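Student:
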Amino acid sequence: MQSLRSNHRRYLSNAISQHELMSVDPAPSLISYRLQRLWLTPVFRVVIRIGLPVFLICLFAFMFLSKAENWDYVRGILNDAQVSIQSQPEYRLDALSIEGASPLLQQDIQTKFGSLFPISAFKLNLDEMRKSIENIPSVESAVVAVSAAGLLSIKVLEIPAAFVWRNEDGLKLVSDNGKILRNIMYRVDFGNLPLIAGKGAVAVLAEAQSILVHANPILHRLRGLVRVGQRRWNLILLDGQTIALPENGPELALSQAIVLGLAQNLFKRDISVIDFRNPRRPTLRIRPIALKNMKTSKIATLLEDQNE
Numbered sequence: 395m396q397s398l399r400s401n402h403r404r405y406l407s408n409a410i411s412q413h414e415l416m417s418v419d420p421a422p423s424l425i426s427y428r429l430q431r432l433w434l435t436p437v438f439r440v441v442i443r444i445g446l447p448v449f450l451i452c453l454f455a456f457m458f459l460s461k462a463e464n465w466d467y468v469r470g471i472l473n474d475a476q477v478s479i480q481s482q483p484e485y486r487l488d489a490l491s492i493e494g495a496s497p498l499l500q501q502d503i504q505t506k507f508g509s510l511f512p513i514s515a516f517k518l519n520l521d522e523m524r525k526s527i528e529n530i531p532s533v534e535s536a537v538v539a540v541s542a543a544g545l546l547s548i549k550v551l552e553i554p555a556a557f558v559w560r561n562e563d564g565l566k567l568v569s570d571n572g573k574i575l576r577n578i579m580y581r582v583d584f585g586n587l588p589l590i591a592g593k594g595a596v597a598v599l600a601e602a603q604s605i606l607v608h609a610n611p612i613l614h615r616l617r618g619l620v621r622v623g624q625r626r627w628n629l630i631l632l633d634g635q636t637i638a639l640p641e642n643g644p645e646l647a648l649s650q651a652i653v654l655g656l657a658q659n660l661f662k663r664d665i666s667v668i669d670f671r672n673p674r675r676p677t678l679r680i681r682p683i684a685l686k687n688m689k690t691s692k693i694a695t696l697l698e699d700q701n702e
């Protein structure tokens, strides 16, 4: 038998335990509640998930790179990686391909860029190369691109030359609108182009072209056009013959001179100048040797007449 005292103690202990269990509050604490509410804020979640890691990474990188030896080490790794990639065979350019250029222009471009090869494609500034080529006077536009098989492809649109201009500085190629394209050494290299000379000749190329059209019947005898006094033209023919044209209406005067010359066979005679500056009163100038022979012949004729 148990005593009444021990049963009473057991009862009191169980009652106290049940009372303590019933008195526990299931609600979270104040700190836990505030943390949970704070976690529900979108900005806070972004700061914790993204901002904090980025900040720690940046802090670590700053601490690491603040030492000069560490910065040099990273720079060396980057340079080695860059060199390793650029030296790959698929990025190596060994030759230059030029399209749409005349031999002289090809030579100019080769002089500018031919010494660069072989070279990595990463070391070329294609835009700067294009601008450099377009700065050549005879180039209207250019396209520079890296093509297959290790070639740097250059395609140019060249301004065609229309005249060879002779001035005090030498021979120059000129376009049909008067743009000076390049200096040349020998006239014979461009024998298919008409020759013009004289100060101010480039400013009136349209008139020169019109005169050349009207000179078609004697084009095979034409050597060139000379601008005289920046006012008018002289046509220089083979054997040094000259057709002097007027300031106004040179085309009509030239047509008249050609008709007269072909009809009277003037182009094969000892005539130095066919002067049509005044088309109403054309004059002829005989060569000095022919004039001397003519005077000698007249004197001989007079002597013969006197002897008779």
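Residue numbering for the sequence shown follows this note's numbering, starting at 395 and increasing by one per position. Even glycine gets a Cβ: it sits at the ideal position worked out from N, Cα and C. Owing to the predicted nature of the structure, the values given are computational and were not obtained by experimental measurement.
#1: With DSSP run on the structure shown, which of helix, strand or coil describes Lys573?
#2: What separation, rounded to the nearest whole angstrom, lies between the Cα atoms of Ser532 and Arg675?
#3: Would you kindly check if the distance between the Cβ of Ala555 and the Cβ of Leu575 is under 8 Å?
#4: Less than 7 Å between C-beta atoms, sequence neighbours within five positions excluded: which residues of the same chain meet that for Glu645?
#5: Do you know offhand how far Asp583's Cα is from Asp466's?
#6: Does DSSP classify Lys549 as helix, strand or coil?
#7: Taking the alpha-carbon of Phe507 as reference, which of Ala495, Ala542, Glu534, Leu546 has the nearest alpha-carbon?
#8: At the level of alpha carbons, what is the spacing between Ile590 and Pro512?
#9: Starting from Ala591, follow the alpha helix (DSSP H) in both directions and report where the run begins and ends.
#10: Can you give the Cα-Cα distance for Trp627 and Ala597, rounded to whole angstroms?
#11: Is the beta carbon of Val540 closer than 8 Å to that of Leu487?
#12: Could you pull out every residue in the same chain whose Cβ sits closer than 7 Å to the Cβ of Gly655, ignoring the five residues on either side in sequence?
#13: In terms of residue numbering, what span does the alpha helix (DSSP H) encompassing Arg524 cover?
#14: Any idea if Ala657 is buried or exposed, counting beta-carbon neighbours within 10 angstroms, 16 or more meaning buried?
#15: Buried or exposed: Arg621, going by 16 or more other Cβ atoms within 10 Å of its Cβ?
#16: With DSSP collapsed to three states, give me the class of Glu562.
#17: Does Asn586 come out as helix, strand or coil in the three-state DSSP assignment?
#18: Would you give the residue range spanned by the alpha helix (DSSP H) that Asp502 belongs to?
#19: Mind reading off the beta-carbon distance from Ile637 to Arg617? Whole number of angstroms is fine, and I expect it under 8 Å.
#20: Whose CA, out of Lys573, Ser491, Gln501, lies closest to the CA of Ala543?
#21: State the Cα-Cα distance for the pair Tyr427 and Leu450, rounded to the nearest angstrom.
#22: Measure the alpha-carbon distance for Val537 versus Leu565 and round it to whole angstroms.
#23: Can you give the beta carbon distance from Glu552 to Leu499, rounded, assuming they're within the 8 Å contact cut?
#24: Considering only C-alpha positions, which residue in the set Gly634, Asn659, Gly643, Gln650 is nearest to Arg681?
#25: Output yes or no for whether 8 Å exceeds the beta carbon distance between Pro611 and Ile652.
#26: In the DSSP assignment, the alpha helix (DSSP H) including Ser604 goes from what residue to what residue?
#27: Quick one: Cα of Pro436 to Cα of Ile444, how far?
#28: Between Arg390 and Arg615, what straight-line distance do the alpha-carbon atoms span, to the nearest angstrom?
#29: The alpha helix (DSSP H) spanning Leu429 covers which residue range?
#30: Out of Leu429, Ile503, Cys452, which has the shortest C-alpha to C-alpha gap to Ser526?
Tutor: The short version:
#1: Numbered from its first residue, the sequence shown carries residue 573 at position 179. Three-state result, Lys573: coil.
#2: Here the question's residue 532 lines up with position 138 in the sequence shown. Here the question's residue 675 lines up with position 281 in the sequence shown. Distance between the alpha carbons of Ser532 and Arg675: 44 Å.
#3: Numbered from its first residue, the sequence shown carries residue 575 at position 181. Numbered from its first residue, the sequence shown carries residue 555 at position 161. Result yes, Cβ atoms of Leu575 and Ala555 sit closer than 8 Å.
#4: Along the sequence shown, one-based indexing puts residue 645 at 251. Scanning its chain for C-beta atoms nearer than 7 Å, with the 5 sequence neighbours on each side dropped, one finds around Glu645 the residues Ser604, Ile605, His608, in chain order.
#5: Taking the first residue of the sequence shown as position 1, residue 583 is located at position 189. Taking the first residue of the sequence shown as position 1, residue 466 is located at position 72. Our two residues, Asp583 and Asp466, have alpha carbons roughly 59 Å apart in a direct line.
#6: For the purposes of this step, residue 549 is identified with residue 155 of the sequence shown, where counting begins at 1. When DSSP states are grouped into helix, strand and coil, Lys549 belongs to the strand group.
#7: In the sequence shown, counting from the first residue as 1, residue 507 sits at position 113. Measuring from the Cα of Phe507, the nearest candidate turns out to be Leu546.
#8: As a first step, residue 590 is located in the sequence shown; it is residue number 196 there, counting from the start. As a first step, residue 512 is located in the sequence shown; it is residue number 118 there, counting from the start. In this structure, the straight-line span from the alpha carbon of Ile590 to that of Pro512 is close to 44 Å.
#9: Within the sequence shown, residue 591 is the residue found at index 197, counting from 1. Per DSSP, Ala591 belongs to no alpha helix (DSSP H); it is in the beta strand (DSSP E), 589-591.
#10: Mapped onto the sequence shown, residue 627 falls at position 233. Mapped onto the sequence shown, residue 597 falls at position 203. The straight-line gap separating the alpha-carbon atoms of Trp627 and Ala597 is approximately 13 Å.
#11: Numbered from 1 along the sequence shown, position 93 holds the residue referred to as residue 487. Numbered from 1 along the sequence shown, position 146 holds the residue referred to as residue 540. For Leu487 and Val540, yes; Cβs fall inside 8 Å.
#12: Counting from one through the sequence shown, the residue named residue 655 turns up at place 261. Cβ neighbours of Gly655 beyond the five flanking positions: Phe661, Ile668.
#13: Here the question's residue 524 lines up with position 130 in the sequence shown. Here the alpha helix (DSSP H) through Arg524 covers 520-528.
#14: By 1-based counting over the sequence shown, the position of residue 657 is 263. Counting Cβ neighbours within 10 Å, Ala657 comes out exposed, since fewer than 16 surround it.
#15: For the purposes of this step, residue 621 is taken as residue 227 along the sequence shown, with counting starting at 1. Burial call: buried.
#16: As a working mapping, residue 562 is identified with position 168 in the sequence shown. Coil, per DSSP.
#17: The residue labelled residue 586 in the question sits at position 192 within the sequence shown. Coil.
#18: For this step, residue 502 is matched to residue 108 along the sequence shown. Element bounds for Asp502: 497-507.
#19: Sequence index remark: in the sequence shown, residue 637 carries index 243 (1-based). Sequence index remark: in the sequence shown, residue 617 carries index 223 (1-based). That pair is no contact at about 11 Å.
#20: As a working mapping, residue 543 is identified with position 149 in the sequence shown. The residue with the shortest Cα to Cα distance from Ala543 is Ser491.
#21: In the sequence shown, residue 427 corresponds to position 33, counting from 1. In the sequence shown, residue 450 corresponds to position 56, counting from 1. Answer to the nearest angstrom: the Cα atoms are 28 Å apart.
#22: Within the sequence shown, the letter at position 143 stands for residue 537. Within the sequence shown, the letter at position 171 stands for residue 565. If I take the Cα positions, the gap works out to 29 Å.
#23: The residue you call residue 552 lines up with position 158 of the sequence shown. The residue you call residue 499 lines up with position 105 of the sequence shown. In this structure Glu552 touches Leu499 by the C-beta definition: roughly 6 Å separates them, less than 8 Å.
#24: As a first step, residue 681 is located in the sequence shown; it is residue number 287 there, counting from the start. For Arg681, the nearest C-alpha among the options comes from Gly634.
#25: Your numbering for residue 611 matches position 217 in the sequence shown. Your numbering for residue 652 matches position 258 in the sequence shown. Pro611 places its beta carbon less than 8 Å from that of Ile652.
#26: If you number the sequence shown from 1, residue 604 lands on position 210. That run of the alpha helix (DSSP H) goes 599-608.
#27: Sequence index remark: in the sequence shown, residue 436 carries index 42 (1-based). Sequence index remark: in the sequence shown, residue 444 carries index 50 (1-based). The C-alpha of Ile444 is placed about 12 Å away from the C-alpha of Pro436.
#28: Here the chain comprises residues numbered 395 to 702, so residue 390 is not present and cannot be evaluated.
#29: The residue you call residue 429 lines up with position 35 of the sequence shown. For Leu429, the enclosing alpha helix (DSSP H) starts and ends at 424-433.
#30: The residue given as residue 526 occupies position 132 in the sequence shown. Measuring C-alpha to C-alpha distances from Ser526 to each of Leu429, Ile503, Cys452 identifies Ile503 as the nearest.
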